[in-house]
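S.K.: The structure's right below; bear with me while I get my questions together.
In full-length UniProt numbering, the protein residues as written are 1 to 101.
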């Protein structure tokens, strides 16, 4: 597992298990910020993910040593995603103010 996380990446679920369920506050805030930016982008395109969980977030190692955080999270598994109007509820992206129509 160490090789998977260090060299190729894996899911956030695997990453957290490998780290004993603990990451620094800085890492948590960085990953949360990156994931929220990704969700905001998805929402602007008119979609809702519908299945956010650590197993559906991929974690890739950065190849640049100057980066403070060693890994980059990416949203994955859009198999349950729906167009915003198909979900039966309205959402507002609080970052951009975007409302689904």
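We treat Cβ as the ideally placed atom computed from N, Cα and C, and that holds for glycine.
1. What is the DSSP secondary structure of residue 17, reduced to helix, strand or coil?
2. In its own chain, which residues sit with a C-beta less than 7 Å from the C-beta of residue 31, not counting the 5 before and 5 after it?
3. Would you call residue 12 buried or exposed, if buried means 16 or more other Cβ atoms sit within 10 Å of its Cβ?
4. If the criterion is Cβ atoms closer than 8 Å, does the pair residue 47 and residue 22 meet it?
5. Helix or strand or just coil, what does DSSP make of residue 68?
6. Out of curiosity, what's the CA-to-CA distance linking residue 27 and residue 50?
M.R.: Quick answer:
1. Taking the chain shown and counting its residues from 1, the one referred to as residue 17 is at position 17. It is helical.
2. Here residue 31 refers to the residue found at position 31 of the chain shown. Contacts found: 73.
3. For the purposes of this step, residue 12 is taken as residue 12 along the chain shown, with counting starting at 1. Counting Cβ neighbours within 10 Å, residue 12 comes out buried, since at least 16 surround it.
4. In the chain shown, counting from the first residue as 1, residue 47 sits at position 47. In the chain shown, counting from the first residue as 1, residue 22 sits at position 22. No, the Cβ-Cβ distance between residue 47 and residue 22 is not below 8 Å.
5. Looking up residue 68 in the chain shown gives position 68. Residue 68 falls in the coil class under three-state DSSP.
6. For this step, residue 27 is matched to residue 27 along the chain shown. For this step, residue 50 is matched to residue 50 along the chain shown. Distance between the alpha carbons of residue 27 and residue 50 is about 24 Å.
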